[in-house]
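Using the working numbering, you'd call the opening residue of the sequence shown number 10 and step up by one each time.
Using N, Cα and C, we set each Cβ at its ideal position, and we do this for glycine too.
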Amino acid sequence: MNNRELIEKLKNERVLSKTEFTQLIGTYTKKDREFTAKLARGEADRVFGKKIFVRGLIEFSSYCKNDCYYCGLRRSNRNAERYRLSKEDILRCADEGYELGFRTFVLQSGEDGFYTDEILCDIVKSIKNAHSDCAITLSLGERSEESYKRLFDAGADRYLLRHETANTEHYSKLHPDSLKAENRQECLRTLKRIGYQTGCGFMVGSPFQTAENLAEDLLFIKRLAPEMVGIGPFIPQHDTPFRDKQKGGLEDTLFMLSLIRLMKPNVLLPATTALGTISPLGREQGILAGANVVMPNLSPTEVRQKYLLYDNKICTGDESAQCKECLNNRMKSIGYEIVTDRGDYRN
Ligand code: SAH
Ligand code: SF4
10 MNNRELIEKL KNERVLSKTE FTQLIGTYTK KDREFTAKLA RGEADRVFGK
60 KIFVRGLIEF SSYCKNDCYY CGLRRSNRNA ERYRLSKEDI LRCADEGYEL
110 GFRTFVLQSG EDGFYTDEIL CDIVKSIKNA HSDCAITLSL GERSEESYKR
160 LFDAGADRYL LRHETANTEH YSKLHPDSLK AENRQECLRT LKRIGYQTGC
210 GFMVGSPFQT AENLAEDLLF IKRLAPEMVG IGPFIPQHDT PFRDKQKGGL
260 EDTLFMLSLI RLMKPNVLLP ATTALGTISP LGREQGILAG ANVVMPNLSP
310 TEVRQKYLLY DNKICTGDES AQCKECLNNR MKSIGYEIVT DRGDYRN
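Next up, the structure:
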């Protein structure tokens with residue numbers, strides 16, 4: 010089948026074979042990409058209309074015990090400045106976010122043992138007490154089933170844990186031996202079983218990635234059936250082993266967003282900060298390619314320059330209100346509108 014036929018098949022059947030996905034990803038043209046984006050945006054418009062969901066991101070700790078080769082927060086990075094936000098700091102961010110119309114807070118950090126289940130459950134409960142109409146998303150990396158369960162029982166609604174790459178060999182080229190693709194995938198299945206709205210995802214253009222790997226990522230998403238998918242381009246960070254690797258491409262990222270939307274019309278799919286970092290209008294283009302979520306930063310301005318997963322990250326100098334306003338305007342400029350809504354997954 011030619012690429013055009015494959016794209017139509019994907020829209021009708023919501024899946025392709027690994028060979029078909031690999032062909033499409035390995036050989037797509039600008040026309041193919043634009044055609045796919047149009048279909049994908051059509052699907053997103055059908056499900057979400059012109060509404061864009063917004064999530065307030067609170068990056069509460071830059072300590073990490075892991076050593077992922079791509080990430081600026083890896084423990085071997087002696088140049089990274091480390092910080093931890095207190096419960097009071099986090100609650101202040103949430104209060105400010107609430108005033109600005111956010112109804113979902115994403116608490117993200119490195120894997121930092123300082124935050125025990127007890128501390129985290131207390132933070133989750135306190136946010137829920139203050140703002141009972143808000144959803145809480147956690148993005149804290151790999152934890153035990155018991156820990157995930159306790160946090161869920163404390164009131165967390167969603168969990169983001171990118172699988173990074175579905176291919177085990179590729180995974181081992183991006184991580185030290187202590188981290189295993191199987192563990193991460195098992196965590197995702199556990200999160201789903203507990204009842205979280207669960208998000209997986211991957212970097213586009215990570216070192217050593219092939220078209221076949223991306224096909225495997227799509228099929229992994231199909232099998233897991235997550236409620237959310239987070240993808241963005243890989244961007245080198247100057248204090249990591251991957252400092253000299255090439256960054257992921259804008260077009261490739263947009264194309265992958267569209268393929269994911271065609272495969273899963275209802276999925277919650279952000280146009281990420283990384284996408285906005287590699288191109289000034291990256292997030293707008295992401296929405297037009299089928300994304301339906303944006304995640305402005307709510308972290309205190311003093312710590313923003315210290316949460317640097319990758320180089321040249323945008324919005325590290327802005328106040329939360331500025332970030333929200335800026336994205337509001339960006340969405341309006343392409344005919345979309347940010348809404349005050351929890352933005353839960355609906356079947
Ligand atoms: N520690 C948690 C959450 C923070 S990292 C975790 O690892 O899940 C969140 C995501 O940032 C990672 O899943 C990864 O996909 C992305 N990331 C890390 N370094 C990156 C880089 N150099 N370029 C692009 N994305 C990166
Ligand atoms: Fe730590 Fe997450 Fe960065 Fe890996 S990607 S080093 S787990 S913050």
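Residue i CB to nearest heavy atom of the ligand SF4 below 7 Å
| i | result |
| --- | --- |
| N88 | no |
| G119 | yes |
| G295 | no |
| R91 | no |
| G285 | no |
| G150 | yes |
| L197 | no |
| C73 | yes |
| C77 | yes |
| R292 | no |
| R193 | no |
| R101 | no |
| R313 | no |
| R252 | no |
| R351 | no |
| R50 | no |
According to DSSP, residues forming a beta bridge with residue i
| i | result |
| --- | --- |
| Y168 | L147 and T207 |
| I67 | L116 |
| N306 | L66 |
| E195 | For E195, which the question treats as bridged, DSSP gives no partner whatsoever. |
| E346 | K60 |
| L277 | M237 |
| P242 | V213 |
| R93 | S70 |
| E173 | F211 |
Cβ-based neighbour list, residue i, same chain, cut-off 6 Å, excluding 5 preceding and 5 following
| i | result |
| --- | --- |
| V276 | V238 |
| E120 | C73, K74, N75 and G150 |
| F251 | Y78, Y79, P216 and P245 |
| A103 | F114 and I136 |
| A144 | T113, D166 and R351 |
| E29 | L15 |
| R313 | T325 |
Supposed contact pair residue j and residue i - C-beta distance, whole angstroms, cut 8 Å
| i | j | result |
| --- | --- | --- |
| C130 | R159 | 6 Å |
| M272 | I230 | 7 Å |
| L200 | Y168 | 5 Å |
| A165 | L147 | 5 Å |
| L9 | L228 | Given that the chain is displayed from residue 10 to residue 356, the structure contains no residue 9 and the question cannot be resolved. |
| A224 | K27 | 5 Å |
| E191 | T31 | Not really, about 23 Å apart at Cβ, beyond 8 Å. |
Any non-hydrogen atom of the ligand SAM within 7 Å of residue i CB
| i | result |
| --- | --- |
| A234 | This structure lacks the ligand SAM; its bound ligands are the ligand SAH and the ligand SF4. |
Other residues of its chain near residue i: CB distance less than 7 Å, five sequence neighbours each side excluded
| i | result |
| --- | --- |
| P279 | G239, A300, V302, V303 and M304 |
| L100 | S135, I136 and A139 |
| D226 | T174, A175 and F211 |
| G398 | One cannot answer for residue 398 here, as it falls past the ends of the chain, which runs 10 to 356. |
| F161 | I203, G204 and Y205 |
| G110 | T349 |
| G295 | L263, L266, A280 and L284 |
| D320 | I244, P245, Q246 and H247 |
heavy atom of the ligand SAH below 7 Å from residue i C-beta
| i | result |
| --- | --- |
| Q246 | yes |
| C80 | yes |
| E173 | yes |
| Y157 | no |
| Y37 | no |
| F243 | yes |
| Y319 | yes |
| L170 | yes |
| M212 | yes |
Same chain only: Cβ atoms within 8 Å of residue i, ignoring 5 sequence neighbours per side
| i | result |
| --- | --- |
| I16 | L33, D41, F44, T45, L48 and L271 |
| L183 | C77, Y78, Y79, E173, T174, S215, P216 and F217 |
Residue-chain proximity (residue i, chain C), Cβ-Cβ < 8 Å
| i | result |
| --- | --- |
| L307 | Annotation note: the requested chain C is absent from the structure, which comprises a single protein chain. |
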